[in-house]
Each structure stands twice: as C-alpha cells, then as structure tokens.
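Participant: These protein sequence lines are chains F and D, in that order. Sequential numbering of the first sequence, starting at -18, is according to the numbering used here. Sequential numbering of the second sequence, starting at 6, is according to the numbering used here. Where is the CB? At the ideal position from N, CA and C, for every residue including glycine.
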Amino acid sequence: MRLAKFAFLSAMGAAFALASVSSVSAQVKIGAVLSVTGPASFLGDPEKKTLEIYVAAINAKGGVNGQKLQLIVYDDGGDANNARTFATRLIEEDKVVAMVGGTTTGSTMAMIPAFEEAQIPFISLAGAVQIIQPVRKWVFKTPHTDTMACEKIFADIKRRKLSKVALISGSGGFDKSMQAECVKVAPAAGITIVHQESYGPRDTDMTPQLTNIKGKADVQAVINPGFGQGPAIVTRNYRQLGITLPLYQSHGVASKQFIELAGPAAEGVRLPAAALLVADKLPAGDRQKPVVQSYQKTYEEKTKEPVSTFGGHAYDGLMIVVEAAQRAKSWDRAKVRDEIEKTKGFVGTGGIVNMSPTDHLGLDLSAFRMLEIQKGDWTLVPESGS
Amino acid sequence: MIVRLAMRYRLAPVALVAAIVILLPLLFPSAYYYRVGALVFIFAFAAVGLNLLMGFAGQVSLGHAGFLGVGAYAVAIGPAYLGIPSWFGIVAGAVLSALIAFVVGRPILRLKGHYLAVATLGFGVLIAIVLSNEAGWTGGPDGMSVSRLVLFGWRVSGADTWYWVAAVTLLTGMVLAYNLIGSPTGRALRAIHDSEVAARVLGVEIARKKLTIFVISAVYASVAGSYLALFNGHITPDVAGFLRSVELVAMVVLGGMGSIAGSVVGAAVLVVLPQTFTALHDYEHLALGLVIMAFMIFLRQGIVPAMVQWRTT
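#1: How far does the alpha helix (DSSP H) with Gly267/D in it extend, from its first residue to its last?
#2: DSSP on Gly246/D, reduced to helix/strand/coil?
#3: Quick one: grab the DSSP three-state call for His69/D.
#4: Counting only runs that start and end within the region 276 to 362 of chain F, where is the alpha helix (DSSP H) found for 4 or more residues in a row?
#5: For the pair the region 323 to 336 of chain F and the region 247 to 260 of chain F, tell me if three or more CB-CB distances fall below 8 Å.
#6: Which class does Gly1/D belong to by DSSP, given the choice of helix, strand or coil?
#7: Is Ala299/D helix, strand or coil when you go by DSSP?
#8: Might you give, ordered along the chain, the residues of its own chain that have their beta carbon closer than 8 Å to the beta carbon of Arg175/F, omitting 5 neighbours on each side?
#9: With DSSP as the reference, please indicate the residues paired to Pro253/F in a beta bridge.
#10: Determine, for Glu210/D, whether the minimum Cβ-Cβ distance to residues of chain F falls below 9 Å.
#11: Where does Asp57/F fall in DSSP's three states?
#12: Beta-carbon within less than 6 Å of Ser105/F's beta-carbon, same chain only, minus the 5 sequence neighbours each way: which residues are those?
#13: Tell me which residues share the same chain as Glu320/F and place their Cβ nearer than 6 Å to its Cβ, disregarding the 5 neighbours each side in the sequence.
#14: Using CA atoms only, rank isn't needed, just tell me which of Ala85/D, His290/D, Ala182/D is closest to Ser152/D.
#15: Cβ closer than 7 Å: which chain D residues qualify as neighbours of Ala61/F?
#16: What separation, rounded to the nearest whole angstrom, lies between the Cα atoms of Phe135/F and Leu191/F?
#17: Return the Cβ separation of Gly83/D and Gly76/D in integer angstroms, given the expectation that the two are a contact with Cβ distance under 8 Å.
#18: Taking the alpha helix (DSSP H) that Met90/F belongs to, which residues open and close that run?
#19: Quick one: give me the first and last residue of the beta strand (DSSP E) that Ile3/D is part of.
#20: Would you list, in sequence order, the uninterrupted alpha helix (DSSP H) runs of no fewer than 4 residues that lie entirely inside the region 172 to 201 of chain F?
#21: Does the beta-carbon distance from Gln153/F to Phe208/F come in below 9 Å?
#22: Does Glu201/D have its Cβ less than 9 Å from a Cβ in chain F?
#23: Cβ of Gln280/D less than 9 Å from any chain F Cβ?
#24: By DSSP, does Arg140/F sit in helix, in strand, or in coil?
#25: Here's the rule: buried if 16 or more other CB atoms are within 10 angstroms of the residue's CB, otherwise exposed. What is Asp147/D?
#26: For Ala124/D, which option in Ala193/D, Gly178/D, Leu67/D has the closest C-alpha, if you only look at C-alpha atoms?
#27: Between the region 195 to 208 of chain D and the region 280 to 300 of chain D, are three or more C-beta pairs nearer than 8 Å?
#28: Around the C-beta of Trp159/D, are 16 or more other C-beta atoms found within 10 angstroms, so that it is buried, or is it exposed?
#29: Work out the CA separation of Met312/D and Phe50/D for me, nearest whole Å.
#30: Looking only at its chain, what residues have a beta carbon closer than 8 Å to the beta carbon of Arg314/F, apart from the 5 residues adjacent to it on each side?
#31: Are there three or more Cβ pairs, one per stretch, closer than 8 Å when the region 104 to 118 of chain D is compared with the region 36 to 54 of chain D?
#32: Taking only beta-carbon atoms, is Tyr168/D less than 9 Å away from chain F?
#33: Pick out whichever of Gly233/F, Ala265/F, Asn218/F has its Cα sitting closest to the Cα of Pro245/F.
#34: How is Ala193/D classed by DSSP in three states: helix, strand or coil?
#35: Helix, strand or coil for Val151/D, going by three-state DSSP, please let me know.
#36: Grouping DSSP H, G and I as helix and E and B as strand, with all else coil, what is Val313/D?
As structure tokens, then:
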C-alpha cells in the first residue's frame, strides 16, 4: 500500500508537470473563453466549433497579414469566476491580441475589467445590452440585444393594430433581462403592458398564469420572453386553454427544437430571429443570403449538426476582428480596436453591422426577421402589411 | 522531517504555508499565477471554516456556498445602495452570515446525518434563488459589479496585491482555527464527533457547541465570499450555487477532514487542477474526475492525514 501511494503521488506530480508545459509559437493568438460545458453549453458548444472551423479555414488560406492565427479556447463551465481566471490567463500567459467570446452576460461582465485594463479588443457573444451600454472603449458584441427583440415584437404588434399586451416570463437571466427591457421600451413603442406573469425555471405547467391572462379582458396579445423549455410549455398550455390571442416568443427559442417540443401548438406563433434560421427562405436579393447560406453549409458539413444562431455570433465576431486587422494591416491591438469601431457594412449572420464610437453593436432592427411557425416550419412574415 | 515537525508543533503547518506563500512568487512569471494563488487562498479560507464544522464537529453542510454568497453580495450591495465602505461591507456580511447561521442553525443542527445534509442543501439553494430573483438589488442572474476595496486610502486592486492580502487572511484564519481546536470548545467538538452520547454524558452542551461552530464556519465562508467579490470586481449568483457548495465539501474531504492544512491542500488541488488540465481540451473533465477518484481510492483519509500517517508508519 505504501508503495502504491508513493507511485500514485509521483504519477500525480508528473502529470502536473506535463500538463503545465505549453506550446510556444510566433503565431497571432486569438483568445476565447466560452461556456462549452455547463448550463449554457448549448450556446458555447456551437461557438467553439464555429471558431475552430473558421480559424482553420483562414489559416489554410495563409492567415491574416501574413501571420497564421492560433485559437486558444478555455471552457468556463458557465461560471463567472472561472471566466475571469481564464481571461487573466489569456492576457498574461497567452498574450492574445484579441478576444472573441464570453458566452453569457454574467461571464462577459466578469471579464470586462480584465480586458479593459489590458487594452485588448474584446468581442462578446452574450445578449444583454449592459455589455455595450455604457460604451466601453475595448468592448464590442455581436448578438442582437433583447431590447431590439422587444422593439421588433412591438413593431409587429402595432402592424396588427394592437397595443395592449400581457407578458409571461421565466426567472432565468435571459428571461428577466428581456422582460425588464420590454417594460422599459414599451411606452416609446406605443404599447401598454396591462398584465405580467412569471414562472420558475423548472415549472412544468403554466396553466394558472395563463388562466389569469385569459381572464383579463383588455389583453390583445401575449409575449413570452423566455429561454429553454419554459416557452414550449407556455405554448402548449396556451393552446390547451384555447386562447386565440396572438402569441409571441423571443429569439431565445429560435431553434428547431422549440417547434419539436411545442408540437402542433406552435402553429401561428411568431418570434423575432436572425436571418440564419431561414437562410433558404430569404428573397434572392437579400444581402445576408449568401453569407448565411455559406455559414450554414460549412458548419453543417463539418459538424454534422444543425446550425444555430449562437455559432453565427461567433462567426461574426471572428470575422469582424479579422477584417479589422486586414484594414489596419497590422495586429497592433490599438489599431485593430480602432478599425473594429469603424466597421461599416459588414454582412454577418446576425445582420449588417455598422459600428461607431457610440454604438459597439452596430445592428438595427432589420437584423431581426419576424418569423411565424407554419406547418412545423419557419416562414417569413412580410414586413409591410399583415 | 517537515511532517514530524508539524506533528510536534501545532502551528508548524501555518509556518509551512507561510513559507510557501513567500517563496512561490519567486517562480511566478506573470500576474495570472498571482490570481490563481489568490483564488487558492480565498477558497482555502472558506474550506478551513467548513472543515471546523465537518472535520471537528462532524456536521455536514451542503449549503455553505450560501454564506459565500451572503458575504459576496454584502460587499456588492452595501457600497452600491447603502453607501457603506467596502471594508465595512466585509464586516456587515460576516455579521449577517453569523446571524443567519444562528437563526437557521438552531433548528437544523438538531437533525443528523443525511437529514442535516439535506436541510443545509435546501438552505444554500434558497440563498442562491434569492440572489438570482431579487434582480432589483442583485442584478439577477447576470450579476452586479463590485466597487474596489479601499483601505485607509490604499486601493486594493491587482492580482499580486490580492495574493498577499488573501495569504495574510488565510494564515490568520489558520491560526484562529488551530487555537479554536486547542481550546476547550475544540476538545468538546472532537468529543461530539467521536460520540455524541459520550460527549453528552461528560457534560458537553452539544447543541450549543454545534451552533457555535456552525456560526464560526459561516463567518469564514462569508469573508471568503467578500474577498472573492472584491477581487473579481463582478459577482454572479453562481457564487452561492449548489455546485460551489459541493466544491467546498470536496476541498475539505480531499485535503483531509479534521486537518486544517489539508483544507489548504484540498483547495489548492481543486483550484489548480482545472487550470493545468486545459491542455487536455475535451477530456479535461474526465481527467479531473479520474484524479479525484484516484485520490479518494489511494488516500482515503484525505491527502494530508494520509501523508502524515504514511510518514509515521
């Protein structure tokens, strides 16, 4: 036993020593801290795969500015404290020139001070508007904000000549953030929120909350800012109760999985989503069409998995950095940052990006498409009319 | 030899840790290492407190991260909404944690074994839910930013500064823990651990002693949480999550229940291992699990007690 213990301890020591040896190279390093495992893995996993695919593709073509890229991905497991540690590691140890990542808003917010202090361009892949408001010099992001999703939904409700809505939302981070944003922007959009309901993350029946909404005579439409399985249950219960008011879901459930979960109840549900979801249904003249089709084809060929908008955000982030470096003709961090801020007319999977010193997102409402679920598939809602 | 010294003099492990703390930075090539070091010390501090409860009083807490959360949000909310200085936030968090531990501990410490574990688990989950739902105060699941600690005009920031601050705090915490163990309360606790019936027969006030140690360990966790929040500058509710509680228990068990130095070793292993295993990419969690299993199979009493035993046999 004594010998076994000794052998075990020596083996552990050797493993430590081996694992801490890192590779040395003269390549340009791009960092990424993603939630590849843990509760946000369905976001982080496609992000990681996308970055790996496209960094390899860029290197196959000779890299950027004559230098090959080296991608360094760390998995924070959805934990903000881990994310911060890995951010420090990217800055201090790996000496990255730019950072694409930060899967969740929590981990992004935890990493921002580190990158601001080190003066390294940081493109976040998380949703909330607080990442870019107030504007921070070195921080950008690619995904649409939940504020925009609210505005897009409100615009569609107005087109239907309705104005009184009820909100039903979960208690997760995405749900709460979007619910708050919707309440905030409703008056400006001419929408009155007449009733609000909420449910827990693991609730399996939302009939009581929906019955409440059904009982309110003045409600004209229902919005469910939600994420995960909750919205599918809301949709099912909604039909079971025979509510006929228009139901809006958020971009948080913009995946085929939602349609599968909600089944026939999803018919007629509308939601705002990125063009990527309806790549093949876009009209021929759409500027985003070639980009989203190409991304979808590449991703699905390499991973054998259906494409998601989340991976698309990572594609946009990486390409914005790469194009900025090409324009700057250098990998100098300050020059790359300045060029990222000057990004104009960049066609990404999330929309057409026009950044400015006061706008570190650069997307407008046209980045979202209003979709309706018909016969178990997405259809584009015509933006004028209805 | 070191181990024999450690066994002869009660505070020798503290001196040993102090020596390591001072010598390690000579090997540090960058601020990243200071950060990992500071994290080890902060989690070790919480683990030492939990070890007092688990290793000496023999009570399991699966909700200790809840106190980590109380401490963390005390230094976040206090300065942001109540205008109190950060250092006072640490104190306020500790007092609040002590109060919560006192109130919650009275009923639940009457429970034993699995029932106690489940009750503490529920308590920890409860705190995490409150932190994540009271978005008006805590910023919800996205968390909130924490203003920097300022002590007598000195702005505590940077990984290297925190390395020293956390190290001094850990060493102080270890000395206090050793003193507590050596005190009549400490002996009473060990008596409870060995046999509650025998301890009661000998006149130990079991309920009160258990409660005392629960409160003390809550204060340890709270201070660690405050440090973590001030160090990171941003805090999210996952600091109080169930997985964090399990991690703390794992640190104590891995390092050795009832060994203060063991808690430091356990924290070091669980903080450093995930960092070294990133080179294994997709297999890092697998490797981490295997290593922990291996530790528990070969060094069943925990790393430090097993090594001490190995030296003396």
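Facilitator: Well, looking at it:
#1: Walking along the second sequence from the start, residue 267/D turns up at place 262. 265 to 281 is the extent of the alpha helix (DSSP H) around Gly267/D.
#2: Residue 246/D sits at position 241 when you count from the first residue of the second sequence. Of the three classes helix, strand and coil, the one that applies to Gly246/D here is coil, per DSSP.
#3: Here residue 69/D corresponds to residue number 64 of the second sequence, with the count starting at 1. Coil.
#4: Given a length threshold of 4 residues, each whole run of the alpha helix (DSSP H) inside the region 276 to 362 of chain F is given here in chain order: 290 to 309, 314 to 322.
#5: yes
#6: What is shown of chain D runs 6 to 318, which leaves residue 1/D out entirely.
#7: The residue given as residue 299/D occupies position 294 in the second sequence. Ala299/D: helix per DSSP, three-state reduction.
#8: Along the first sequence, read from residue 1 onward, the residue named residue 175/F stands at position 194. Contrary to the premise, residue 175/F reads as Val rather than Arg in this sequence. Only Lys145, Val146, Ala147, Lys197, Asp199, Val200 meet the Cβ criterion.
#9: Taking the first residue of the first sequence as 1, we reach residue 253/F at position 272. Answer is Met351/F.
#10: Sequence index remark: in the second sequence, residue 210/D carries index 205 (1-based). Interface residue (Cβ-Cβ distance to chain F less than 9 Å): Glu210/D is not classified as such.
#11: What you label residue 57/F is simply residue 76 of the first sequence in a count that begins at 1. Asp57/F: coil per DSSP, three-state reduction.
#12: For the purposes of this step, residue 105/F is taken as the residue at position 124 of the first sequence. Excluding positions up to five away in sequence, the list reads Gly83, Thr89, Ile112, Lys122.
#13: Position 339 of the first sequence, counting from 1, holds the residue named residue 320/F. Ala305, Arg308, Ala309, listed in sequence order.
#14: In the second sequence, counting from the first residue as 1, residue 152/D sits at position 147. Minimum Cα distance to Ser152/D is reached at Ala85/D.
#15: Translated into positions along the first sequence, residue 61/F becomes position 80. The contacting residues are Gly148, His239, Thr241, Asp243.
#16: What you label residue 135/F is simply residue 154 of the first sequence in a count that begins at 1. What you label residue 191/F is simply residue 210 of the first sequence in a count that begins at 1. Per the coordinates, the alpha-carbon of Phe135/F lies some 20 Å from the alpha-carbon of Leu191/F.
#17: Taking the first residue of the second sequence as 1, we reach residue 83/D at position 78. Taking the first residue of the second sequence as 1, we reach residue 76/D at position 71. About 11 Å; that fails the 8 Å criterion.
#18: Taking the first residue of the first sequence as 1, we reach residue 90/F at position 109. Note, Met90/F: alpha helix (DSSP H), 86 to 99.
#19: There is simply no residue 3/D to check, as chain D begins at 6 and stops at 318 in what is shown.
#20: 188 to 196
#21: Counting from 1 along the first sequence, the entry for residue 153/F is found at position 172. Counting from 1 along the first sequence, the entry for residue 208/F is found at position 227. First, the amino acid is wrong: residue 153/F is Gly here, not Gln. Yes. Within cutoff.
#22: Walking along the second sequence from the start, residue 201/D turns up at place 196. It does not: the Cβ of Glu201/D has no partner Cβ on chain F nearer than 9 Å.
#23: The count along the second sequence starts at 1 and reaches residue 280/D at position 275. Interface annotation, Gln280/D: in contact with chain F, CB-CB separation under 9 Å.
#24: As a working mapping, residue 140/F is identified with position 159 in the first sequence. The answer is helix: DSSP assigns Arg140/F an H, G or I state.
#25: Position 142 of the second sequence holds residue 147/D. So Asp147/D ends up on the buried side.
#26: As a working note, residue 124/D is residue 119 in the second sequence. The shortest Cα separation from Ala124/D among Ala193/D, Gly178/D, Leu67/D belongs to Leu67/D.
#27: Segments in contact, no.
#28: Sequence index remark: in the second sequence, residue 159/D carries index 154 (1-based). So Trp159/D ends up on the exposed side.
#29: Reading the second sequence from its first residue, position 45 is the one you call residue 50/D. Reading the second sequence from its first residue, position 307 is the one you call residue 312/D. Spanning the two alpha carbons is a distance of roughly 21 Å.
#30: Locating residue 314/F in the first sequence gives position 333, counting from the first residue. Here the set comprises Val78, Ala79, Gln100, Ile101, Pro102.
#31: no
#32: Reading the second sequence from its first residue, position 163 is the one you call residue 168/D. By this cut-off, Tyr168/D is not an interface position.
#33: The residue labelled residue 245/F in the question sits at position 264 within the first sequence. Checked all of Gly233/F, Ala265/F, Asn218/F; the closest Cα to Pro245/F is Asn218/F.
#34: Within the second sequence, the letter at position 188 stands for residue 193/D. Correct three-state label for Ala193/D: helix.
#35: In the second sequence, counting from the first residue as 1, residue 151/D sits at position 146. If DSSP states are grouped into helix, strand and coil, Val151/D belongs with coil.
#36: If you number the second sequence from 1, residue 313/D lands on position 308. Val313/D: helix per DSSP, three-state reduction.
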